[in-house]
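K.L.:
Have a look at this one before I ask anything.
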Amino acid sequence: MFGISLLDCFVNYNLSVFKEIYPIIQQNDLDNLRQSQIMIESVNDLNTLLGWYVLFYLDFRFILKKEDRDIKNQEIDSFLEILRSHIFNLTNFNGNKMIKFISSLNKFKKSKIEIQHARIINFIYKALSSIKLWTTEELKNQIKLFFP
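For the sequence shown, my numbering begins at 163 and goes up steadily by one.
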């Protein structure tokens, strides 16, 4: 389940505030971007693609510093567009679902400083439920697997 990518973004944000660790996160994001760009055409697993989308969208929009984001802005926007197209081709995902999903992801800007476990899980649940790929019961069961 790609919800773990949402959790990774909370971890990345909280680690990025340390000036010694930030360069590692920045380099990791850039390395992952390069690797994912190479692999994209061969990946047909929806969870992987959505996980990449979440990770790159949130890290590049809300975690990396503006000056670092600006350097790769065109490249990341292009990659996110390729990811969206690939996701649309694999599922019944459409533009409206993507708009709702992105809207829920954008709430990360306010939620990223959250440290209360229940609120983080609630953010993840709402983001995942916004795309309606699973029934409520399936989603709750998946959440319980990762956050007992």
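Beta carbons: idealized from backbone N, C-alpha and C, even for Gly.
Computed from a predicted model, the values in this text were never measured in an experiment.
For the alpha helix (DSSP H) containing F263, name the first residue and the last one.
P.N.:
Residues G257 to N268.
K.L.:
Decide if L220 is buried, meaning its Cβ has at least 16 other Cβ atoms within 10 Å, or exposed.
P.N.:
Buried: at least 16 other Cβ atoms inside 10 Å.
K.L.:
Measure the alpha-carbon distance for K294 versus V205 and round it to whole angstroms.
P.N.:
If you take the alpha carbons of K294 and V205, they lie about 22 Å apart.
K.L.:
Taking the straight line between their C-alpha atoms, what separation do you get for H248 and E203?
P.N.:
Their backbone Cα atoms lie some 8 Å apart in a straight line.
K.L.:
Hey, F224 and K271: beta-carbon distance below 8 Å or not?
P.N.:
Yes. Within cutoff.
K.L.:
Evaluate the contact criterion for the region 171-180 versus the region 224-244: three or more CB pairs, one atom per stretch, below 8 Å.
P.N.:
As far as the Cβ criterion goes, the region 171-180 touches the region 224-244, which means the pair count is three or higher.
K.L.:
State the Cα-Cα distance for the pair Y287 and A280, rounded to the nearest angstrom.
P.N.:
When rounded, the distance between both Cα atoms is 10 Å.
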